[in-house]
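Participant: Before I ask anything, here is the structure I am working with.
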Amino acid sequence: DSGVTQTPKHLITATGQRVTLRCSPRSGDLSVYWYQQSLDQGLQFLIQYYNGEERAKGNILERFSAQQFPDLHSELNLSSLELGDSALYFCASSVLSSYNEQFFGPGTRLTVL
Amino acid sequence: KNEVEQSPQNLTAQEGEFITINCSYSVGISALHWLQQHPGGGIVSLFMLSSGKKKHGRLIATINIQEKHSSLHITASHPRDSAVYICAPDSGGGADGLTFGKGTHLIIQP
Numbered sequence: 011d012s013g014v015t016q017t018p019k020h021l022i023t024a025t026g027q028r029v030t031l032r033c034s035p036r037s038g039d040l041s042v043y044w045y046q047q048s049l050d051q052g053l054q055f056l057i058q059y060y061n062g063e064e065r066a067k068g069n070i071l072e073r074f075s076a077q078q079f080p081d082l083h084s085e086l087n088l089s090s091l092e093l094g095d096s097a098l099y100f101c102a103s104s105v106l107s108s109y110n111e112q113f114f115g116p117g118t119r120l121t122v123l
Numbered sequence: 388k389n390e391v392e393q394s395p396q397n398l399t400a401q402e403g404e405f406i407t408i409n410c411s412y413s414v415g416i417s418a419l420h421w422l423q424q425h426p427g428g429g430i431v432s433l434f435m436l437s438s439g440k441k442k443h444g445r446l447i448a449t450i451n452i453q454e455k456h457s458s459l460h461i462t463a464s465h466p467r468d469s470a471v472y473i474c475a476p477d478s479g480g481g482a483d484g485l486t487f488g489k490g491t492h493l494i495i496q497p
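If you're matching them up, the sequences are chains H and Z in order.
Remember, the numbering used here sits 10 above the position in the first sequence when you count from 1.
Remember, the numbering used here sits 387 above the position in the second sequence when you count from 1.
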């Protein structure tokens with residue numbers, strides 16, 4: 011158990027819908043990272059927050075947004091969902107903003123029908 | 388963008404064998420992560436290293452920053468080592484964050 015929690019574990023929804031994925035980092039960790047893992051693209055970095063502020067942005071679509079709240083939990087919002095958004099979404103946390111070990115949550119499996 | 392090559396893509400070995408997984412990347416970095424993904428999907432961080440060698444139990448990771456190459460070794464492999472091993476160069480933030488290799492699917496047969 012990494013200490014990082016993600017909810018929900020599974021999510022099934024329809025195209026065009028909007029969903030919110032939630033991540034609670036390990037106690038004391040200030041950084042939260044979001045990653046997408048799909049069968050064709052593998053693991054991809056989406057976005058990082060550090061102590062409430064956006065720190066780095068990767069391959070995140072405009073239909074996706076994220077935020078980190080004062081209690082350091084983070085939410086990833088996915089809207090206008092398409093079939094291709096079906097994937098495993100992981101969050102990870104770390105103490106520092108860069109160059110340190112990341113601890114991964116169990117992931118949320120999103121299925122868009 | 389950092390191009391990451393892992394080899395081999397698939398590896399089946401017998402219990403007890405010494406395993407080596409290689410990772411090469413194209414852009415200079417300051418650190419590299421090795422991750423393990425279990426069949427159930429969970430990801431565990433094995434190592435983060437920026438130079439030399441690190442050892443944890445039967446796992447050893449090495450990195451040569453100048454040659455842009457890292458290796459993960461497993462000694463006395465065991466069926467429970469069966470997993471996907473992923474290397475991830477770390478650019479320290481900016482547009483790239485972690486860039487991931489496609490992974491090495493390792494199966495250790497008893």
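Backbone N, C-alpha and C define an ideal beta-carbon position, used for all residues, glycine too.
Since the structure is predicted, the reported quantities are computational estimates derived from the model, not experimental observations.
Does the beta-carbon of Z/Gln-393 have 16 or more other beta-carbons within 10 angstroms, so that it is buried, or is it exposed?
Facilitator: Under this definition Z/Gln-393 is a buried residue.
Participant: Quick check: what's the CA-CA separation for Z/His-465 versus Z/Ile-494?
Facilitator: So the alpha carbons of these two residues sit roughly 9 Å apart.
Participant: Along the beta strand (DSSP E) that carries H/Ser-139, what are the first and last residues, could you check?
Facilitator: Chain H is shown from 11 up to 123; residue 139 of chain H falls before or after that span and cannot be answered.
Participant: Name the DSSP bridge partner or partners of H/Phe-113?
Facilitator: Paired residue(s): H/Ser-103.
Participant: I'd like to confirm the pairing. Which residues does DSSP put opposite H/Ala-66 in its beta bridges?
Facilitator: In DSSP, H/Ala-66 forms a bridge with H/Gln-58.
Participant: Starting from the beta carbon of H/Asn-110, find every residue of chain Z whose beta carbon is closer than 8 Å, and list them in chain order.
Facilitator: Under the 8 Å cutoff, chain Z gives Met-435.
Participant: If you draw a straight line from the C-alpha of Z/Pro-497 to the C-alpha of Z/Gln-401, how long is it?
Facilitator: Using only the alpha carbons, I get a separation of about 6 Å.
Participant: Give, in chain order, every residue of the stretch 25-52 of chain H whose Cβ lies closer than 9 Å to some Cβ of chain Z.
Facilitator: Those would be Tyr-43, Tyr-45, Gln-47 and Gly-52, in chain order.
Participant: State the beta-bridge partners of Z/Ile-495 as determined by DSSP.
Facilitator: DSSP, once it has assigned bridges, lists Z/Ala-400 as partnering Z/Ile-495.
Participant: For the beta strand (DSSP E) that H/Leu-21 lies in, which residues bound it at each end?
Facilitator: That run of the beta strand (DSSP E) goes 20-23.
Participant: In its own chain, which residues sit with a C-beta less than 8 Å from the C-beta of H/Gln-47, not counting the 5 before and 5 after it?
Facilitator: Closer than 8 Å at the Cβ level, and outside the excluded window around H/Gln-47, lie Leu-53, Gln-54, Ala-97, Leu-98, Tyr-99, Phe-100 and Gly-117.
Participant: Contact defined as beta carbons within less than 8 Å: I believe H/Ser-103 pairs with H/Val-14. What is the distance between those atoms, to the nearest angstrom?
Facilitator: The Cβ separation is near 5 Å, so the contact holds.
Participant: Closest to H/Trp-44 by CA distance: which of H/Asp-95, H/Val-122, H/Leu-21 and H/Gly-68 is it?
Facilitator: Taking only the C-alpha atoms, the option nearest H/Trp-44 is H/Gly-68.
Participant: With distances taken between CB atoms, is the gap from Z/Ser-478 to Z/Ile-416 smaller than 7 Å?
Facilitator: Yes, the pair counts as a contact, with Cβ atoms nearer than the cut-off.
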